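Novice:
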Amino acid sequence: MTVFFDDNECLPVLKRERKRRDQITRMLRKGYRKSSRIKTLFDEHRIDLSEIKTLNDLQLLPVISREKLIEMEMAEPPFGGLYNADTQIDRIFISPGPVYEPHLSEDDFLWARAYHAAGIGKGDVVLNAFSYHMVAAGLTFHGGLRRVGATVIPSGTSSSEMQVQMIRDLGVTAYTGTPSFLLSIIQKAEGMGYAFKRDFKLRRACFAAEPLQPILRKKFEVEYGIDTYQMYGATEVGDIAFECRQKDGWHICEEVYVEIVDPATGKRMPHGSFGEVVVTRPNDIFFLFRFGTGDLSRIIVAPCSCGRTSYRLDGIVGRVGEAVKVRGMFIAPSQLKKISEKFNDRKLQLIVTRSGHEDRLTVKLEGESDSHDDGSLEAYFREYFKDLCAVRMDVLEFVKAGALGEKYQLIIDWRDWKEEK
Ligand SMILES: [Zn+2]
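Numbering of the sequence shown is given in the working numbering, commencing with residue 208 and proceeding in unit increments.
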């Protein structure tokens with residue numbers, strides 16, 4: 208049975224939404240009075256504060272991208288006029304841009320839900336290999352680990368040899384950092400003559416800041432006996448989502464509100480469709496609303512078998528600029544690669560054209576059409592494609608193996624928007 212971090216994790220969905228609505232409207236009202244920027248932002252977009260009554264009304268407000276935030280901070284340093292001048296900030300983080308981020312509170316739950324869900328707690332000794340220098344990562348992950356009762360080694364970005372030494376000498380049981388750095392630590396250990404699984408106690412890893420490739424995850428779990436978990440967040444808004452032990456989507460944290468929007472309009476996409484992850488973290492200090500992460504995902508509404516009632520994000524499939532929009536739905540290259548992997552690495556290519564006022568989607572797939580066991584490869588492929596991309600294809604064209612060549616374009620967009628006007 209799942210032991211939740213707190214009761215909020217099993218709140219009925221509607222209750223959670225009402226709570227979030229109250230928190231966000233309160234934050235906007237406060238921001239309107241206490242910050243120098245919120246009122247002007249509302250005025251610029253001709254929105255009256257009283258119009259924002261529901262979570263749906265948030266769509267009236269613009270999405271604030273990282274670029275926009277930098278612009279605002281440059282015009283009005285250090286926080287773009289988005290902060291509450293009546294409060295004292297305990298820390299200020301700096302990330303490239305430069306972007307200045309006020310730390311919100313020493314009492315926050317940042318990342319604690321994620322570590323708890325991964326089974327980290329009292330008795331664990333955790334190597335925190337996130338940087339502690341200037342950026343928020345090191346200290347905020349540190350805080351989350353402390354909150355679940357773990358002992359933290361602030362190893363930061365020290366050399367992999369040093370990390371190996373700490374894992375050995377201090378009996379480290381878990382790691383938090385990027386997957387690629389853990390891999391290089393393991394390789395270093397092997398180079399130093401250790402057998403990682405046999406000689407060390409490290410059995411869990413919580414990753415962030417970098418995608419965890421399925422092949423690497425398998426390597427960690429099977430070869431090295433390390434149970435792995437993904438966590439997702441952004442410097443500007445903190446933790447956003449995390450994996451539970453089911454490892455089937457990422458639970459959205461109880462402290463944030465997530466929307467999936469069309470990046471061109473800032474309007475919501477229907478549940479199940481891909482779009483940009485936009486995050487609001489209600490708080491009294493930094494009134495950054497609708498932060499656009501630039502990451503593409505979709506929301507899973509169905510309940511998770513772990514018992515948490517939060518909606519989940521279906522991983523991150525790519526960045527906004529990389530994706531192509533077909534009949535209002537986004538398809539990213541990483542989704543196509545995943546499909547290709549599922550079908551024995553057969554190459555495929557997406558071609559988008561326009562017929563009348565309709566998008567037309569053709570998929571070219573290398574190889575024979577009848578090589579599937581039950582003879583229904585086409586039906587199976589179409590179904591899988593629709594599941595993963597949330598878009599139905601119009602034509603599936605089988606081409607000879609090798610026909611797409613070595614260096615081919617994964618997505619071709621032939622649509623000419625000018626002609627239509
Ligand atoms: Zn779950």
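For each residue, glycine too, the CB sits at the ideal point set by N, CA and C.
Please read these numbers as outputs of a predicted model, since none were measured by experiment.
Under 7 Å Cβ to Cβ from L256, same chain only, skipping five residues before and after it: list those, please.
Specialist: L235, R236, Y239, F249
Novice: Please name the residue in V220, V598, E397, E280 whose C-alpha comes closest to that of R407.
Specialist: The amino acid at residue 407 is misidentified as Arg; the sequence shows Phe. Nearest C-alpha to F407: E397.
Novice: Taking the alpha helix (DSSP H) that F588 falls in, what are its first and last residues?
Specialist: Membership of F588 in the alpha helix (DSSP H) is indicated by the continuous run 584-596.
Novice: Got a sec, what are the start and stop residues for the alpha helix (DSSP H) A282 sits in?
Specialist: 273-282
Novice: Using 7 Å as the cut-off, classify the Cβ of R526 as near or not near the heavy atoms of ligand 1, replying yes or no.
Specialist: no
Novice: Whose beta carbon lies closer than 6 Å to any heavy atom of ligand 1, going through the chain in order?
Specialist: C451, Q453, H458, C511, C513, R515
Novice: With which residues is P309 paired in a DSSP beta bridge?
Specialist: I299
Novice: What residue range is occupied by the uninterrupted beta strand (DSSP E) comprising I327?
Specialist: Where I327 is concerned, there is no enclosing beta strand (DSSP E), given that its DSSP letter is neither H nor E.
Novice: For Q542, count neighbouring C-beta atoms within 10 Å of its own C-beta (all shown protein chains included) and say buried if the count is 16 or more, exposed if not.
Specialist: Buried is the label assigned to Q542, since at least 16 other Cβ atoms lie within 10 Å of its Cβ.
Novice: Excluding the 5 residues preceding and the 5 following H310 in the sequence, name in chain order all residues of the same chain whose CB lies nearer than 6 Å to its CB.
Specialist: D297, R298
Novice: Spell out a yes or no on whether the region 474-482 and the region 531-550 are touching, meaning 3 or more CB-CB pairs, one atom from each, closer than 8 Å.
Specialist: yes
Novice: For D502, which option in E417, R233, G432, S583 has the closest C-alpha, if you only look at C-alpha atoms?
Specialist: Ranking the options by Cα distance to D502, first place goes to E417.
Novice: Could you check if M536 is buried or exposed, using at least 16 other CB atoms within 10 Å of its CB as the buried criterion?
Specialist: buried
Novice: Let me know the secondary structure DSSP gives I459 once reduced to three states.
Specialist: strand
Novice: How many angstroms separate the CA atom of V359 from the CA atom of W318?
Specialist: 14 Å
Novice: What's the call for Y290, buried or exposed, on a 16-neighbour Cβ count within 10 Å?
Specialist: buried
Novice: Select from L377, H458, K226 the residue whose C-alpha is nearest the C-alpha of V332.
Specialist: Here the closest residue by C-alpha is L377.
Novice: Quick one: complete beta strand (DSSP E) runs, 3+ long, within the region 348-396?
Specialist: 358-360, 381-384
Novice: Starting from the C-beta of D521, find all residues in its chain whose C-beta is less than 7 Å away, skip the five residues before and the five after it, and write them out in chain order.
Specialist: G456, S504, R505, I507
Novice: What number of angstroms, rounded off, separates the C-alpha of T159 from the C-alpha of D552?
Specialist: Since the first residue shown for the chain is 208 and the last is 628, residue 159 is missing from the structure and cannot be characterised.
Novice: With the cut-off set at 8 Å, would you say T442 and A343 are in Cβ contact?
Specialist: yes
Novice: Could you tell me which residues DSSP pairs with K571 in its beta bridges?
Specialist: Q556, E604
Novice: Would you check if there are 3 or more beta carbon pairs closer than 8 Å linking the region 449-465 to the region 323-332?
Specialist: yes
Novice: In the DSSP output, which residue or residues are listed as bridge partners for I619?
Specialist: I558
Novice: I'd like to know if the region 358-373 and the region 383-395 are in contact, where contact means that at least 3 CB-CB pairs between them fall below 8 Å.
Specialist: yes
Novice: In or out: L334 buried (at least 16 other Cβ within 10 Å) or exposed?
Specialist: buried
Novice: Buried or exposed for K554, going by 16 or more other Cβ atoms inside 10 Å?
Specialist: Looking at its Cβ environment, which holds 16 or more other Cβ atoms inside 10 Å, K554 is buried.
Novice: Nearest-angstrom Cα distance between Y464 and I433?
Specialist: If you take the alpha carbons of Y464 and I433, they lie about 31 Å apart.
Novice: Given a threshold of 16 other Cβ atoms within 10 Å of its Cβ, counted over all protein chains shown, does N263 qualify as buried or as exposed?
Specialist: exposed
Novice: Have a look at S631 and F493 and give me their C-alpha separation to the nearest angstrom.
Specialist: Outside the shown range of the chain, which is 208 to 628, sits residue 631, and nothing can be said about it.
Novice: Looking at V486 and V468, is the spacing between their C-beta atoms short of 8 Å?
Specialist: no
Novice: Provide the residue span of the beta strand (DSSP E) that contains K474, from first to last.
Specialist: Premise fails: K474 is in no beta strand (DSSP E) and is neither H nor E.
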